[in-house]
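For reference, the structure is listed below as structure tokens.
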Amino acid sequence: MKNYRKHLNFIFAILLYVAFFYFVITRVGDRLDFSSYIDYRMLLFKGWLRTIAVSILGVLLSLIVGLVLYFMQQIKRFPFLHSLAEIHKTIIFGTPLIVIAIVAYYFIGTAFNINSRMFIGVMTLGLYIGAYIADIYKGAIESIHINQWQTAKMFGFTKYQTYRYIIFPQVLKSILPPLAGQFALTIKGSALLSYMALNEFLNEVNVVQAISYDVMEGFIILSIGYWLITVPLIVAVRRFENKLHVRVVK
Amino acid sequence: MDIKLKNIDKYYEKKILDDINLELKGIGVLALIGPSGSGKSTLLRLIAGLESFERGSIELNGVELSEGNLTEFRKSVGFVFQDHNLFSHLTVIENICLVLEKVHKRDSIEARAEVEKLLDKFGLIEHKDKYPHQISGGQSQRVSIVRALAIKPSIILLDEPTSSLDPVLTYEVLVAIKKLIDQDKNVVIVTHEIGFAKEIADYILYLEDGKIVEHGDRDMLKNPQTYELRGFLQKVLTFSAVD
Chain A
3 MKNYRKHLNF IFAILLYVAF FYFVITRVGD RLDFSSYIDY RMLLFKGWLR
53 TIAVSILGVL LSLIVGLVLY FMQQIKRFPF LHSLAEIHKT IIFGTPLIVI
103 AIVAYYFIGT AFNINSRMFI GVMTLGLYIG AYIADIYKGA IESIHINQWQ
153 TAKMFGFTKY QTYRYIIFPQ VLKSILPPLA GQFALTIKGS ALLSYMALNE
203 FLNEVNVVQA ISYDVMEGFI ILSIGYWLIT VPLIVAVRRF ENKLHVRVVK
Chain B
126 MDIKLKNIDK YYEKKILDDI NLELKGIGVL ALIGPSGSGK STLLRLIAGL
176 ESFERGSIEL NGVELSEGNL TEFRKSVGFV FQDHNLFSHL TVIENICLVL
226 EKVHKRDSIE ARAEVEKLLD KFGLIEHKDK YPHQISGGQS QRVSIVRALA
276 IKPSIILLDE PTSSLDPVLT YEVLVAIKKL IDQDKNVVIV THEIGFAKEI
326 ADYILYLEDG KIVEHGDRDM LKNPQTYELR GFLQKVLTFS AVD
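Structure representation (structure tokens):
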């Protein structure tokens with residue numbers, strides 16, 4: 003009974019949002035016409051797949067970049083590396099992704115004769131998101147109690163063994179939810195790569211919008227396209243968090 | 126075991142250990158006692174090579190501890206922490222086997238069989254596949270004792286192993302420590318259990334304000350020579366049922 007009421011409330015909430023957007027669409031636009039988008043469906047689908055691909059590759063790279071940045075800041079013997087990582091993070095935190103995307107493709111890419119937009123796109127996302135992921139690692143690793151480090155030291159574990167067998171298995175549980183959150187941000191952030199003329203989802207929709215002048219339809223398709231990727235991800239993360247929570251309470 | 130402590134000073138914000146000097150030969154069980162903040166746990170951690178010190182030297186069984194031999198030395202020492210310090214993501218048996226397999230490079234099947242025998246001896250075999258949060262504080266501390274013993278150490282150091290336990294759990298851990306000592310293990314123990322120290326220790330150090338105030342064999346507790354130890358024993362034993 004309780005579950006039934008919960009579902010009913012959820013449906014009402016959804017209907018309220020649908021009514022709101024329906025009101026906006028009918029007030030602003032003419033009759034919706036998706037025919038051009040149907041004609042160009044393969045182009046859109048490829049753009050959508052490219053968005054997923056660039057996001058996945060960007061996230062994978064950012065996991066490595068984050069780890070490298072974290073360790074660069076931990077090695078006390080090389081303060082130069084610490085400074086390099088700190089400056090990288092400060093630049094990233096202080097600059098909009100759109101600016102970085104444009105500079106990366108039109109200036110850095112040109113300077114180094116790199117023409118692959120996909121390559122620069124993935125690198126840009128990886129280096130950008132990696133700065134945030136370094137802080138996720140840092141928070142999770144610092145939350146491991148000092149006792150665990152001391153015990154590892156006392157029993158003669160090397161630094162590598164301590165991270166590999168004691169710290170990372172404990173960290174993994176706590177970083178998965180924020181990492182998945184970063185993944186959703188990466189997917190959304192990948193839209194900004196359209197500024198470097200990468201043929202991802204937003205860019206392909208823009209193309210059809212320019213041809214057909216059906217602008218609003220394009221934004222409806224864009225929203226649905228991104229939701230198809232991000233909503234399952236968000237739901238999966240919530241489920242995972244609940245599962246972790248249950249395990250902790252047990 | 127032979128222990129030689131020479132002119133040891135240790136500072137945090139203030140002086141924690143002040144010119145510690147001691148030379149003991151052929152001691153089986155050494156107990157460090159004293160009020161909280163007296164420096165006894167710090168001294169134990171220094172002996173374990175867990176912390177550095179500003180001045181002095183430590184020699185164990187004829188080997189002086191130095192930066193160069195510290196890692197190897199630690200592998201030969203079993204340490205039981207105040208709060209058991211089991212790895213929370215590993216089961217009881219994994220907690221012990223991980224050390225044997227990764228640090229001591231033991232064969233995993235062989236190590237597991239050996240650890241199961243030890244767990245059985247310490248009445249823990251039915252808990253071998255449980256995680257630390259699924260067993261009691263006393264059981265966790267006993268697992269921690271088995272972990273220290275499993276590496277076949279030349280010496281076992283115990284840092285107030287019963288301080289966070291209630292009397293019933295304290296009893297079961299003390300029984301486990303007794304078992305450990307019965308296996309002819311060299312032990313250095315920091316404890317508040319004066320009655321227990323009196324029963325097991327070959328030699329006792331009484332520390333106060335970072336100094337060794339009195340030291341001697343277990344009879345020292347029956348007949349304290351210093352005003353400080355007399356005062357300490359009076360306070361500790363007044364409400365205790367231990368002789």
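Protein sequence lines correspond, in order, to chains A and B.
Residue numbers 3 to 252, in this note's numbering, belong to the letters of the first sequence in order.
Residue numbers 126 to 368, in this note's numbering, belong to the letters of the second sequence in order.
Note that CB positions come from ideal geometry on N, CA and C, so glycine has one too.
- For the set B/Val228, B/Gly187 and B/Arg180, the Cα lying nearest the Cα of B/Gly151 is the one of B/Gly187.
- In the three-state reduction of the DSSP assignment, B/Ser182 falls in the strand class.
- Counting along the chain, B/Glu333 sits inside the beta strand (DSSP E) bounded by residues Tyr328 to Glu333.
- B/Phe204 is bridged by DSSP to B/Leu282.
- Annotation: the continuous beta strand (DSSP E) that includes B/Gly341 extends over Lys336 to Gly341.
- Looking at the DSSP output, B/Ala156 shares a beta bridge with B/Ile314 and B/Ile329.
- For B/Asn146, the uninterrupted beta strand (DSSP E) segment begins and ends at Lys140 to Leu149.
- Cβ-Cβ separation between A/Ala133 and A/Phe73: approximately 14 Å, too far for a contact (criterion under 8 Å).
- A direct Cα-to-Cα measurement between A/Leu34 and A/Glu206 gives close to 19 Å.
- By DSSP's assignment, A/Tyr165 forms no beta bridge with any residue.
- For B/Tyr136, the pairing in a beta bridge is given by DSSP as B/Lys140.
- Annotated three-state conformation of B/Leu130 is strand, per DSSP.
- Looking at the DSSP output, B/Val188 bridges to B/Leu185.
- Taking each of A/Arg52, A/Leu129, A/Asn5 and A/Asp216 in turn and checking the Cα distance to A/Lys91, the smallest one comes out for A/Leu129.
- With respect to the C-alpha of B/Gly164, the residue from B/Ile276, B/Gly153, B/Arg180 and B/Ile145 having the closest C-alpha is B/Ile145.
- Residues of the stretch 149-173 of chain A with a Cβ closer than 9 Å to any Cβ of chain B, in chain order: Asn149, Gln150, Gln152, Thr153, Ala154, Lys155, Met156, Phe157, Gly158, Phe159, Thr160, Gln163, Arg166, Tyr167, Ile168, Pro171 and Gln172.
- Non-local beta-carbon contacts of A/Leu200 in its own chain, meaning distances under 6 Å to residues more than five positions away in sequence, involve Arg119 and Gly123 in chain order.
- Between B/Ala156 and B/Ile221, the beta carbon gap of about 26 Å keeps them out of contact (Cβ cut-off 8 Å).
- In the structure shown, the three-state DSSP call for A/Ala199 is coil.
- When C-beta atoms of the stretch 159-172 of chain A are compared with those of the stretch 200-209 of chain B, fewer than three pairs fall below 8 Å, so the two segments do not count as touching.
- Looking from the CA of A/Val70, the closest CA among A/Lys140, A/Gln184 and A/Gln211 belongs to A/Lys140.
- Close partners of B/Thr196 in chain A (Cβ separation under 7 Å): Gly158.
- Separation of A/Leu63 and A/Met125 (C-alpha to C-alpha, rounded to the nearest whole angstrom) is 7 Å.
- Counting only Cβ-Cβ distances below 7 Å, B/Asn186 has no contacts in chain A at all, with the closest Cβ about 17 Å away.
- Inter-residue distance for A/Leu99 and A/Val61 is about 15 Å (C-alpha atoms, whole angstroms).
- The residue from A/Leu10, A/Ser176 and A/Tyr215 with its alpha-carbon nearest to that of A/Val239 is A/Ser176.
- Residue range Pro81 to Gly96 is occupied by the alpha helix (DSSP H) that includes A/Lys91.
- If you draw a straight line from the Cα of B/Leu168 to the Cα of A/Phe82, it comes to about 37 Å.
- Around the beta carbon of A/Trp50, 16 or more other beta carbons sit within 10 angstroms, so the residue counts as buried.
- About 19 Å separates the Cβ atoms of B/Val217 and B/Lys277, ruling out a contact at the 8 Å cut-off.
- Under the three-state reduction of DSSP output, B/Ala173 falls in the coil class, being neither helix nor strand.
- For B/Leu223, the nearest beta carbon of chain A is closer than 8 Å to its own beta carbon.
- The three-state secondary structure of A/Phe73, taken from DSSP, is helix.
- One thing to note: B/Pro257 has its Cβ within 8 Å of the Cβ of B/Ser213.
- Under the three-state reduction of DSSP output, A/Asp41 falls in the helix class.
- Every alpha helix (DSSP H) stretch that sits fully inside the stretch 255-310 of chain B and reaches 4 residues is listed by chain position as 262-275 and 292-307.
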